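Okay, so the sequence shown: first residue is 2 according to this note's numbering, each after it adds one.
Where a beta carbon is used, it is the ideal one built from N, C-alpha and C, also for glycine.
Since the structure is predicted, the reported quantities are computational estimates derived from the model, not experimental observations.
Here the structure is laid out as C-alpha cells; the discussion comes afterwards.
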Amino acid sequence: MRRDKINYYLDMAEATLERGTCIRRNFGAIIVKNDEIISTGYVGAPRGRKNCCDLKYCTREKLQIPRGERYELCRSVHAEQNAIISAPRKDMIASTLYLVGKDYQTKDYVKNAMPCALCKRMIINAGIKEVIIRNDKNNYTIIDTEEFIKNDESLEGVMGY
2 MRRDKINYYL DMAEATLERG TCIRRNFGAI IVKNDEIIST GYVGAPRGRK NCCDLKYCTR
62 EKLQIPRGER YELCRSVHAE QNAIISAPRK DMIASTLYLV GKDYQTKDYV KNAMPCALCK
122 RMIINAGIKE VIIRNDKNNY TIIDTEEFIK NDESLEGVMG Y
C-alpha cells in the first residue's frame, strides 16, 4: 500500500533526526511548500562547536532541568531553527514544517512533542502555515500556526510543555 503524503514527509524528517547530536532528545524537521522540500534541520551544536554526543554530557540533563525549560543552557540549535535558518523567508511563506522527535536512549517517539517557545516564535515569523508533528509511526498532529499566535504562553508565564 502506498504511504500517504504526510507520513512520507514525516518519514523524511525522521531520517533527518538521525544526524542529531543531542544525548537527550533528537528532532528532525523539514519544510515543504507546494510538494517541494525547501530545507531540512536537525538538533546539533552550532557549526564548529563540540556536540553533546562528543562531550558525553548534557548540561540540562546534569542540572535536571525539565523538558521545555532553560534552553539558553542547551548547546544545540533546534531542528526547526536549523531548517528555518537554511531557507529564504519567501519560500517559507504558507509552507508546512514536519517535525519528528525521538528519545536518545529509548529511541521512542517523544510524547506530546511540540516546538519550544523560541521555535514557535521563529515559525510564526518565518511565515510557516502549519506544523505537523509525528506521534507514532502512522499518526500525527496538525497545528495551524495561528494557534501559536492565539495561545501565547508567554503572556501566561507558562514554562515547558
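Per-residue DSSP class, three states only, for residue 34: strand
Nearest neighbour of residue 87, chosen from 10, 115, 123 [CA to CA]: 123
In the region 95-160, which residue ranges form an unbroken alpha helix (DSSP H) of at least 4 residues, counting only runs that do not cross its ends? 118-127, 147-151, 154-157
Is residue 135 buried or exposed, if buried means 16 or more other CB atoms sit within 10 Å of its CB? buried
Residue 43 bridges to which residues according to DSSP? 29
Expressed to the nearest angstrom, what Euclidean distance is found between the alpha-carbon atoms of residue 68 and residue 25? 10 angstroms
In or out: residue 82 buried (at least 16 other Cβ within 10 Å) or exposed? buried
Looking at the unbroken alpha helix (DSSP H) that takes in residue 81, where does it start and where does it end? 80-86
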